[in-house]
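As structure tokens, the structure follows; a few thoughts come after it.
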Amino acid sequence: MTVLLVVAVVLLVTMFISGLVVLAISHSRRMERFWSEHRQNWTNIARELGLTYDPNAGVGSYGMIEGVYHGVWVRIDVYTSGGDNSHTTTRVRSYHHPQLNLKLNIRRETSLGTLGRALGLRDIETGDAAFDQAFHVEGNDPDAV
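Read in order, the letters of the sequence shown correspond to residues 0 to 144 in numbering that gives the first Met the number 0.
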């Protein structure tokens, strides 16, 4: 009876470890497909916009698209905020006429942002109700931005 129990435990442990190996291989292949598609998509976007994609630039493995688009320097990258409630977003930054010192920030509207607006925090309205409801827009000079 004891030998049978040992054999059963060994078989269960072997099956468990084999399952973990299969899951790890499956996850690895899925991630490789994701990164391959990401690199191809960003390469296509950069080419269509006349910009450059460097898969090794920026923070993390996402890479970065940058260059001059219609006379404006543009950088597109992926940003992950820190902390307990971290989230990852695609960030588009552009620099045009630095002497104007204009800053513009557009991000998805959150329930916290909606609460802030209800409490009187300022949000730049674009005039497009659907856009204004979906995104929080702020800038250092709302009239100029």
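Quick reminder that beta carbons are idealized off the backbone N, C-alpha and C, glycines included. The structure displayed is predicted, hence computed values, not measured ones.
| Asked | Found |
| --- | --- |
| Stretch pair the segment 24 to 35 + the segment 4 to 16: three plus CB contacts closer than 8 Å | no |
| Beta carbon of GLY126 nearer than 9 Å to that of LEU103 | no |
| Whole-angstrom distance between THR88 and GLY82, CA atom to CA atom | 15 Å |
| Entirely enclosed beta strand (DSSP E) segments - the segment 53 to 114, minimum 3 residues | 63 to 68, 71 to 79, 87 to 94 and 103 to 107 |
| Helix, strand or coil at THR125 according to DSSP, with G and I counted as helix | coil |
| Length of the line joining the Cα atoms of ALA56 and LEU50 | 14 Å |
| Coarse secondary structure for GLY138, derived from DSSP in three states | strand |
| Alpha helix (DSSP H) segment containing GLY49, residue limits | First-last for GLY49: undefined, no H or E at that position. |
| Chain-order list of residues whose beta-carbon lies under 6 Å from that of GLU124 (same chain, five-residue window excluded) | ASP131 |
| Cα-Cα separation between LEU101 and ILE44, rounded to whole angstroms | 26 Å |
| ASN84: CB within 8 Å of a non-hydrogen atom of the ligand FAD | The ligand FAD is not part of the structure shown, which contains no ligands of any sort. |
| Residue environment, TYR94, which counts as buried when at least 16 other CB atoms sit within 10 Å | exposed |
| Helix, strand or coil at ALA7 according to DSSP, with G and I counted as helix | helix |
| Local Cβ density within 10 Å of MET30, reported as buried at 16 or more and exposed below that | exposed |
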